[in-house]
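Inspection log for the structure reproduced underneath, given as structure tokens.
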Amino acid sequence: MMPLPSTQLELIEVDESSWERILPAPPHPGTQAGTDRHGHGAADTYRAGGWGWVHCPEMATFRFGMQAGPVWVSQERHLPEPVESFFWRSVAPFVLQARGIEGLHASAVLTAHGALAFCAISGMGKSSFCCGLMQRGYPMWADDAFMFARFGEKLLTRPLPAQVRLFPEAAESLKTCRPAQPPVQATRIMPETPQAILAVCLLQRVESLPGQSPLQIERLPPVHAFNRILEHAYCFSMSSRDEKERFTNAYLDLVAAVPVYQVRYRSGWELLPGVLDGVEFEIIPTGDNP
2 MMPLPSTQLE
12 LIEVDESSWE
22 RILPAPPHPG
32 TQAGTDRHGH
42 GAADTYRAGG
52 WGWVHCPEMA
62 TFRFGMQAGP
72 VWVSQERHLP
82 EPVESFFWRS
92 VAPFVLQARG
102 IEGLHASAVL
112 TAHGALAFCA
122 ISGMGKSSFC
132 CGLMQRGYPM
142 WADDAFMFAR
152 FGEKLLTRPL
162 PAQVRLFPEA
172 AESLKTCRPA
182 QPPVQATRIM
192 PETPQAILAV
202 CLLQRVESLP
212 GQSPLQIERL
222 PPVHAFNRIL
232 EHAYCFSMSS
242 RDEKERFTNA
252 YLDLVAAVPV
262 YQVRYRSGWE
272 LLPGVLDGVE
282 FEIIPTGDNP
């Protein structure tokens with residue numbers, strides 16, 4: 002049995018004088034535009050000179066071996082956050098996907114039956130859902146990048162180190178919920194033992210729902226879940242047949258083995274406690290608070 006791929010990565014900063022010796026070749030026709038947590042075209046991902054490259058225009062360039070080894074980075078200008086934080090949040094998912102561990106643009110909490118992931122574009126409430134559930138005793142497992150891979154007959158997930166961040170209005174709203182343990186904006190996710198996957202939820206915030214219900218949950222059949230979940234997948238490259246086959250099979254396996262739910266919820270942070278009540282009742286098995 003092949004070992005479960007590791008999510009551990011070493012990041013090495015390189016100054017400009019040293020970097021000139023390992024500058025990447027210009028992007029070529031095989032270049033693929035990646036997306037960051039905001040859903041913008043934020044990175045060019047490609048192979049050149051036997052290396053994998055992630056180029057974030059006007060910010061930084063990252064180089065890595067396709068199988069193993071450290072990741073080198075050269076900054077072009079001051080990043081909007083510390084380089085290590087930027088790397089884990091926006092670049093590491095592409096590096097790991099190139100090396101065989103798939104990634105969803107999702108945040109997650111850990112339950113007694115496995116990780117519960119929430120997929121959505123930025124600002125839709127992934128981190129808020131997870132921090133609200135954390136206040137109910139479910140540990141944070143992932144923020145913005147949910148990594149998984151097959152291990153024998155199982156699909157397992159590993160977390161990435163990350164600092165959980167919330168929009169100010171979401172953080173303020175969560176103060177009115179149950180006391181945080183620890184404070185939601187200080188929660189740091191660290192690598193732990195791989196876990197099973199309980200379910201994946203696709204979040205959609207709407208202005209209204211039938212009967213003014215705050216929440217509507219629908220389990221999607223695998224064929225529909227497959228198309229919807231691919232919208233949130235990290236992908237380094239689809240330039241070869243093997244890469245396309247591996248990527249496709251990974252997500253076919255995921256929707257076949259793991260329940261995928263469409264979760265629509267009404268706008269308004271004041272409704273969040275009721276929304277989380279519904280998620281706990283309908284998706285998390287009874288008594289599943291770890």
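Numbering of the sequence shown is given in our numbering, commencing with residue 2 and proceeding in unit increments. Using N, Cα and C, we set each Cβ at its ideal position, and we do this for glycine too.
- With contacts defined as CB atoms closer than 7 Å, F147 and A99 fail to qualify as a contacting pair.
- Taking the CA atoms as reference points, V224 sits about 20 Å from I284.
- In this model, E77 and V15 are separated by some 11 Å (Cα to Cα).
- For I230, the enclosing alpha helix (DSSP H) starts and ends at 223-230.
- For Y266, the uninterrupted beta strand (DSSP E) segment begins and ends at 261-267.
- Spanning the alpha carbons of L204 and A150 requires a straight line of approximately 23 Å.
- In the structure shown, T112 adopts extended strand secondary structure according to DSSP, grouped into three states.
- With a cut-off of 8 Å on Cβ pairs, the region 75-95 is not in contact with the region 109-118, counting fewer than three such pairs.
- Sixteen is the threshold: when 16 or more other Cβ atoms of the shown chains lie within 10 Å of the Cβ of F130, as they do, the residue is buried.
- The region 212-231 makes contact with the region 267-284: 3 or more CB pairs, one atom from each, lie closer than 8 Å.
- The beta-bridge partner set that DSSP reports for S75 consists of T62.
- Sorting E232, E82, L161, F95 by C-alpha distance to the C-alpha of P195 places L161 at the top.
- Apart from the 5 residues on each side of it in sequence, P94 sits with its Cβ closer than 6 Å to the Cβ of G104, A146, Y235 in its chain, given in chain order.
- Cβ contact annotation for L231 (same chain, cutoff 7 Å, sequence separation greater than five): Y252, in chain order.
- Ranked by how close their Cα comes to the Cα of W73, the residues E59, F282, V96 have V96 in first place.
- Of the candidates H79, C120, R206, M239, the residue whose Cα lies closest to the Cα of A200 is C120.
- By the 16-neighbour rule on beta-carbons within 10 angstroms, G269 is exposed.
- The DSSP assignment places 127-135 as complete runs of the alpha helix (DSSP H) inside the region 114-155, in order along the chain (cut-off: 4 residues).
- Spanning the alpha carbons of Q263 and T46 requires a straight line of approximately 30 Å.
- Of the residues V207, G66, M135, E82, the one whose Cα lies closest to the Cα of F237 is G66.
- CA-CA distance, F152 to L117, rounds to 18 Å.
- Judged by their CB atoms, S123 and D144 are not nearer to each other than the 7 Å cut-off.
- Within the same chain, and ignoring the five residues on either side of A226 in sequence, the residues whose Cβ sits closer than 6 Å to its Cβ are V256, V261.
- Per the DSSP secondary-structure output, Y47 pairs in a beta bridge with W54.
- Residue environment: F282 is assigned as exposed (fewer than 16 neighbouring CB atoms within 10 Å of its CB, all protein chains considered).
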